[in-house]
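Asker:
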Amino acid sequence: MADQIPLYPVRSAAAAGHKRAAYYSSAGPGPGADRRGRYQLEEESAHLDEMPLMMSEEGFENDESDYHTLPRARIARRKRGLEWFVCGGWKLLCASCCDWLINVCQRKKELKARTVWLGCPEKSEEKHPRNSIKNQKYNVFTFIPGVLYEQFKFFLNLYFLVVSCSQFVPALKIGYLYTYWAPLGFVLAVTITREAIDEFRRFQRDKEVNSQLYSKLTVRGKVQVKSSDIQVGDLIIVEKNQRIPSDMVFLRTSEKAGSCFIRTDQLDGETDWKLKVAVSCTQRLPALGEDSDPPVHESLSIENTLWASTIVASGTVIGVVIYTGKETRSVMNTSNPKNKIGLLDLELNQLTKALFLALVVLSVVMVTLQGFAGPWYRNLFRFLLLFSYIIPISLRVNLDMGKAAYGWMIMKDENIPGTVVRTSTIPEELGRLVYLLTDKTGTLTQNEMTFRRLHLGTVSYGADTMDEIQTHVLSSCTQVHPQTGGNNPSSTPPRRAQSSTPKVRKSVSSRVHEAVKAIALCHNVTPVYESQAGVSGETESAEADQDFRDENRTYQASSPDEVALVRWTESVGLTLVSRDLSSMQLKTPGGQVLTYCILQVFPFTSESKRMGIIVRDESTAEITFYMKGADVAMSSIVQYNDWLDEECGNMAREGLRTLVVAKKALTEEQYQDFESRYSQAKLSLHDRMLKVAAVVESLERDMELLCLTGVEDQLQADVRPTLEMLRNAGIKIWMLTGDKLETATCIAKSSHLVSRSQDIHIFRPVTSRGEAHLELNAFRRKHDCALVISGDSLEVCLKYYEHELVELACQCPAVVCCRCSPTQKAHIVSLLRQHTGRRTCAIGDGGNDVSMIQAADCGIGIEGKEGKQASLAADFSITQFRHVGRLLMVHGRNSYKRSAALGQFVMHRGLIISTMQAVFSSVFYFASVPLYQGFLMVGYATIYTMFPVFSLVLDQDVKPEMAILYPELYKDLTKGRSLSFKTFLIWVLISIYQGGILMFGALVLFEAEFVHVVAISFTALVLTELLMVALTIRTWHWLMVVAEFLSLGCYVASLAFLNEYFGIGRVSFGAFLDVAFITTVPFLWKVSAITVVSCLPLYILKYLKRKLSPPSYSKLSS
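So the sequence shown is numbered by our numbering: it starts at 54 and just counts up by one.
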């Protein structure tokens, strides 16, 4: 189709484009223009609002000072020169520079109209960003510095770096270099490799998208161009099922109707297709090249635009690029991902700082006891290095390996198949969550609508009585249209009579038929036929031949509710068989085809909450205005009745989404008058939306109420029990959705997010500070009720009363925010994190949830119908909402408990050896000599104790079934009692006690064989550590037993090889370890005695604690 387009019209279009440019810019499509209009209005209203409430004297003073600082500064500078600069002028200079920088940055952001030259991007004077997608965190130059910064901004790692570097100074050298550098190098190598792999994957994904090829129309014909090389003003051809590379104005399509469908699931998370309309003057351009002489003025609306990252679902389209790269709607809606750091890691970081303090104090004490003799500062530094094992480097290695193990366990869990851990650094966060923020559509619900109820005021039809409707439709169709063709005028008298004298009671049959016909006509659904051959050319010919085979037909619309309604009318006998921009055809049960001419369509907007359509019946030339919408919007429009509000309430309690359907018959004169006013309003450049709405509202009066429909959005499997479990676990659930208020409230009730007994406080729409103040006060008086608030009201409240609103909302058992934009969702998450300091988790399944998922402490993506974008951006990806329960209650619990035990145990392992070193040094006249040489230190932290200590990652305090059965256990975790200063101090005391006993025991019992003190104390130390692991474990696993015996075996075997290390200090007094000594009975019993004294009291204390104040979980497991 693109080949048939000649190349002259492109130039003529460009010529017309010069003249039309003003219109492109003033009513310009795309985010810019839309937003600019909105912002201007907002700014004006904000100005009005601020006048009485905000402007204090302080405000005026500030204004004044801004005015005069710079001139004054200049005068001052002339007066005093250098003296002025030193005395504080530099502050003024910096301030003015900063102001200038801010102005420059803001100037860049200013949204102004742009002139787009069709097909001639080089004529554009402004610079526009490149059309490339970039999701990488680093580039070639920033990678190594960036990764190193991320590592060394932790106090722990920075400390090790300094200690390791100090070993290059000869005076400070204590042991072998490898004892310090090997562990540090290992940690860094693992981290850098992991980051590099992630970064490379991101780079490959971006490259794939950026190098997709598109056809570009130029004066020389069609040219292939990469997605990243597309510029503003290019004419791009996009084929069916191809991604749209940038934001464009839709100029032309191969579809006869002049419109096409696009799939927006990657942009807003909605799976249904959106109808887009080509600009009519370019769609009509003739095939021969002729200049359009009279300049064409045509206003553009949102439906003439094609957004980047959406996919063309029908036909081939040609568009002109207006926004590229960073300025596209999809990029502006996503935020940059940040590195997430778990709360546990931050807590351990705090503890290492406390340990460092202890280390410094200990070293100073040692030097003081030495009496500051000789070069004391050098000794101080040597002591710092000697005791550096207080802060164990193996802490990071163990924790990182532990995290990898938890990730592996989560992915291998058969109860939650398909779960993927994408961020392996934060599995412990799953055990600390207090706020869960979830999307609605596709996360809590399946996004599959089914028609449940039709209410006509006097009679209601449910799922079991749909066959009656079918009978009524059949009978009334045969009455109205006897067996002759559709042009039979006999259908006119009864309808005319009805419209002129509405007082006459109609039969139920005709009322049902009217209602079904209204539902079948009032929508924006298009039937799409997939031909058997699969060639698009045949579908049009098939439609022309009226070959409407039911099995080939699928319905497409911008809302799944509409599809559900049209599917239902098909099931009761009135079928929508074809639709284009100007007409619509219905098939009756008798096989007759009724044709209606579409005169006007008023699409659904979030402000109006209703949609309307004006159609002319081809057979009778009757004009009817049909309208359907939310009950809040429609109740004032329809004629007086006494049942609508009550029935809407009843349906909402059943969790149904309600729509009110009404109609109004128009005469030809009424319609012509309306049309002239409507087209005039559509061309106005200022306040176009308001003027158009006013014209439409003139029709929306005294309409005849036809029926009320109820559609159900089915919940995902096990949503109710999962939400109940999470609530019992003390997690507060917030639902953030882009859907309308009524729907969100329905789902909140039907999913039991809000329990039956709870009240719901619906926050009234507010636009100014005063209104927000009143409404917040009204809400403050309510107790224990769920809050429902819309995005616009939320924005206003956050602007003036951020702290108060968050404080009030946090006290609610549940909060529902509806009509939220993706950026608003992310904003709510970050507000919760700032104000409460608690851990948040966000769950979503569409591209519109990505910002929220990235902003939360822990993001969970669901792989749904809405594409994989959310699951790829999340830290954890699951396949169904119900898996969240097990992920948090079992895996979150275990990960946190295990990491807390592991972290503290590794610290204990370092503390105990530092205590022994301190005792040793003080006995030997405060000499800064190491107790254990090179390999013993490395071996102690690795081969001798690593396996048993690491086997703590297999420990569990309660069985998974228990954790799920009693979600209340989860509440304890959020208090963070497994790892706190209290538990840490207990471990410190244990370490000091055991270190002291081991060293003094060795010195007291082996006075005769004093030479062997290293061998004795080290053997007792290794045994003590193995016993302590056994003491800490709550549930034994066979691997733990293997680890204990393996480590003991390794130690015994290594004694034969390491004899030269068992001397004291640098000078081993010629006393190498003799195997004969080890095998003697006194050695064995003395070592055993020391070990028993160091461990037995702890076993007794633990037993007493279990008996006297058992933890909550032990009550269940016993």
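Where is the CB? At the ideal position from N, CA and C, for every residue including glycine.
As the structure is a prediction and not an experimental result, all values here were calculated from the model.
In angstroms, rounded to a whole number, what distance separates the CA positions of Asp1008 and Val216?
Answerer: Locating residue 1008 in the sequence shown gives position 955, counting from the first residue. Locating residue 216 in the sequence shown gives position 163, counting from the first residue. If you take the alpha carbons of Asp1008 and Val216, they lie about 33 Å apart.
Asker: By how many angstroms is the C-alpha of Val1057 removed from the C-alpha of Pro1135?
Answerer: Translated into the one-based positions of the sequence shown, residue 1135 becomes position 1082. Translated into the one-based positions of the sequence shown, residue 1057 becomes position 1004. Pro1135 and Val1057: Cα-Cα distance of roughly 14 Å.
Asker: Distance, Cα to Cα, Ser1031 vs Ile1045?
Answerer: Along the sequence shown, read from residue 1 onward, the residue named residue 1031 stands at position 978. Along the sequence shown, read from residue 1 onward, the residue named residue 1045 stands at position 992. Each residue's alpha carbon lies about 21 Å from the other.
Asker: Note down the Cα distance separating Ile1039 from Glu1021, rounded to an integer number of angstroms.
Answerer: Translated into the one-based positions of the sequence shown, residue 1039 becomes position 986. Translated into the one-based positions of the sequence shown, residue 1021 becomes position 968. Distance between the alpha carbons of Ile1039 and Glu1021: 27 Å.
Asker: When you compare only the Cα positions, how much space is there between Ser1162 and Phe208?
Answerer: Your numbering for residue 1162 matches position 1109 in the sequence shown. Your numbering for residue 208 matches position 155 in the sequence shown. Cα to Cα, Ser1162 sits roughly 36 Å from Phe208.
Asker: Since Ser967 and Tyr442 should fall inside the 8 Å C-beta cutoff, what is the C-beta to C-beta distance between them, to a whole number of angstroms?
Answerer: As a first step, residue 967 is located in the sequence shown; it is residue number 914 there, counting from the start. As a first step, residue 442 is located in the sequence shown; it is residue number 389 there, counting from the start. Yes, they are in contact, since the Cβ atoms of Ser967 and Tyr442 sit about 5 Å apart, within 8 Å.
Asker: Note the first and the last residue of the continuous alpha helix (DSSP H) segment covering Lys1232.
Answerer: With the chain represented from 54 up to 1171, any question about residue 1232 goes unanswered, as that position is not in the structure.
Asker: Roughly how many whole angstroms lie between the Cα atoms of Arg1159 and Ser948?
Answerer: For the purposes of this step, residue 1159 is identified with residue 1106 of the sequence shown, where counting begins at 1. For the purposes of this step, residue 948 is identified with residue 895 of the sequence shown, where counting begins at 1. Cα-Cα distance, rounded: 23 Å.
Asker: Since Ala718 contacts Glu675 with CB under 8 Å, what's their CB separation in whole angstroms?
Answerer: Position 665 of the sequence shown, counted from the start, is the residue given in the question as residue 718. Position 622 of the sequence shown, counted from the start, is the residue given in the question as residue 675. With 8 Å as the limit, Ala718 and Glu675 qualify as a contact, their Cβ atoms being about 7 Å apart.
Asker: Determine the burial state of Pro348: buried for a count of at least 16 other Cβ atoms within 10 Å of its Cβ, exposed for fewer.
Answerer: Taking the sequence shown and counting its residues from 1, the one referred to as residue 348 is at position 295. That one is exposed.
Asker: Among the residues of its own chain, which have a CB less than 8 Å from the CB of Lys132, if the five just before and after it don't count?
Answerer: On the sequence shown, residue 132 is found 79 positions in, with the first residue counted as 1. Any reading at Lys132 must be qualified, since the residue scores a pLDDT of 42, below 50, and its modelled position is unreliable; the value itself is stated next. Here the set comprises nothing.
Asker: Give me the Cα-Cα distance between Leu858 and Asp812, rounded to the nearest whole angstrom.
Answerer: Within the sequence shown, the letter at position 805 stands for residue 858. Within the sequence shown, the letter at position 759 stands for residue 812. Computed Cα separation, rounded: 18 Å.
Asker: If you follow the beta strand (DSSP E) that Leu266 is part of, which residue opens it and which one closes it?
Answerer: Indexing the sequence shown from 1 puts residue 266 at position 213. Counting along the chain, the beta strand (DSSP E) containing Leu266 begins and ends at Leu266 to Thr271.
Asker: My understanding is that Leu840 touches Ala862, with C-beta atoms under 8 Å, so please give their C-beta distance in whole angstroms.
Answerer: For the purposes of this step, residue 840 is taken as residue 787 along the sequence shown, with counting starting at 1. For the purposes of this step, residue 862 is taken as residue 809 along the sequence shown, with counting starting at 1. Correct: roughly 6 Å between the Cβ atoms.
Asker: For the alpha helix (DSSP H) that His961 lies in, which residues bound it at each end?
Answerer: In the sequence shown, residue 961 corresponds to position 908, counting from 1. Residues Arg946 to Val976.
Asker: Determine the extent of the beta strand (DSSP E) in which Gln609 is found, giving its start and end residues.
Answerer: For the purposes of this step, residue 609 is taken as the residue at position 556 of the sequence shown. From DSSP, the beta strand (DSSP E) with Gln609 extends over Arg606 to Gln609.
Asker: Output needed for Lys1168: all residues of its chain with C-beta closer than 6 Å, excluding positions within five of it in sequence on either side, in chain order.
Answerer: As a working mapping, residue 1168 is identified with position 1115 in the sequence shown. Closer than 6 Å at Cβ, skipping near neighbours: no residue.
Asker: Just the C-alpha distance for Ser1165 and Leu1154, rounded to the nearest angstrom, thanks.
Answerer: Here the question's residue 1165 lines up with position 1112 in the sequence shown. Here the question's residue 1154 lines up with position 1101 in the sequence shown. Spanning the two alpha carbons is a distance of roughly 18 Å.
Asker: What is the residue span of the beta strand (DSSP E) that His1065 lies within?
Answerer: Counted from its first residue, the sequence shown places residue 1065 at position 1012. From DSSP, His1065 is part of no beta strand (DSSP E); its letter is neither H nor E.
Asker: For Cys911, tell me which candidate among Ala617, Trp787, Phe504 and Phe929 has the shortest Cα-Cα distance.
Answerer: For this step, residue 911 is matched to residue 858 along the sequence shown. For Cys911, the nearest C-alpha among the options comes from Phe929.
Asker: Cα separation between Thr790 and Gly844?
Answerer: As a working mapping, residue 790 is identified with position 737 in the sequence shown. As a working mapping, residue 844 is identified with position 791 in the sequence shown. The alpha-carbon atoms of Thr790 and Gly844 are separated by roughly 9 Å.
Asker: Taking the beta strand (DSSP E) that Asn294 falls in, what are its first and last residues?
Answerer: The residue labelled residue 294 in the question sits at position 241 within the sequence shown. Counting along the chain, Asn294 falls outside any beta strand (DSSP E), and DSSP gives it neither H nor E.
Asker: Three-state secondary structure (DSSP) at Ser1167?
Answerer: Position 1114 of the sequence shown holds residue 1167. Helix at Ser1167.
Asker: Are the beta-carbon atoms belonging to Ala527 and Pro613 less than 8 Å from one another?
Answerer: Here residue 527 corresponds to residue number 474 of the sequence shown, with the count starting at 1. Here residue 613 corresponds to residue number 560 of the sequence shown, with the count starting at 1. One detail in the question is off: residue 527 reads as Leu in this sequence, not Ala. Their beta carbons are not under 8 Å apart, which means Leu527 does not touch Pro613 by this criterion.
Asker: In or out: Pro546 buried (at least 16 other Cβ within 10 Å) or exposed?
Answerer: Taking the sequence shown and counting its residues from 1, the one referred to as residue 546 is at position 493. Residue confidence for Pro546 is low, a pLDDT of 37 falling below 50, so the modelled location carries little weight and cannot support an answer.
Asker: Determine the burial state of Thr306: buried for a count of at least 16 other Cβ atoms within 10 Å of its Cβ, exposed for fewer.
Answerer: Along the sequence shown, one-based indexing puts residue 306 at 253. Counting Cβ neighbours within 10 Å, Thr306 comes out buried, since at least 16 surround it.
Asker: Let me know the secondary structure DSSP gives Ala718 once reduced to three states.
Answerer: Residue 718 sits at position 665 when you count from the first residue of the sequence shown. Strand, per DSSP.
Asker: Could you name the residues that DSSP lists as bridge partners for Gln638?
Answerer: Position 585 of the sequence shown, counted from the start, is the residue given in the question as residue 638. Paired residues: Ser631 and Thr648.
Asker: Going by other Cβ atoms of all chains shown within 10 Å of its Cβ, with 16 needed for buried, is Asp698 buried or exposed?
Answerer: On the sequence shown, residue 698 is found 645 positions in, with the first residue counted as 1. Answer is exposed; the Cβ neighbour count stays below 16.
Asker: Check the DSSP bridge columns for Tyr231 and list the partner residues they point to.
Answerer: For this step, residue 231 is matched to residue 178 along the sequence shown. According to DSSP, Tyr231 bridges with nothing at all.
Asker: Are the CB atoms of Val713 and Met687 within a distance shorter than 8 Å?
Answerer: Looking up residue 687 in the sequence shown gives position 634. Looking up residue 713 in the sequence shown gives position 660. Cβ distance < 8 Å, so Met687 and Val713 count as in contact.
Asker: Buried or exposed for Pro580, please, with buried defined as at least 16 other CB atoms from any protein chain shown within 10 angstroms of its CB.
Answerer: If you number the sequence shown from 1, residue 580 lands on position 527. Buried, because 16 or more other Cβ atoms sit within 10 Å of the Cβ of Pro580.
Asker: Per the contact definition of three or more C-beta pairs closer than 8 Å, is the segment 798-812 in contact with the segment 879-894?
Answerer: At 8 Å Cβ cutoff, the stretches do not touch.
Asker: Say whether the segment 432-440 touches the segment 931-944, bearing in mind that this needs 3 or more beta-carbon pairs closer than 8 Å, one atom from each stretch.
Answerer: Because the criterion of three Cβ pairs below 8 Å is not met, the segment 432-440 and the segment 931-944 do not touch.
Asker: Please name the residue or residues paired with Arg663 in a DSSP beta bridge.
Answerer: Mapped onto the sequence shown, residue 663 falls at position 610. Note: Arg663 sits in a beta bridge opposite Gly682.
Asker: Distance, Cα to Cα, Phe979 vs Val420?
Answerer: Along the sequence shown, one-based indexing puts residue 979 at 926. Along the sequence shown, one-based indexing puts residue 420 at 367. Approximately 8 Å, taken between the alpha carbons.
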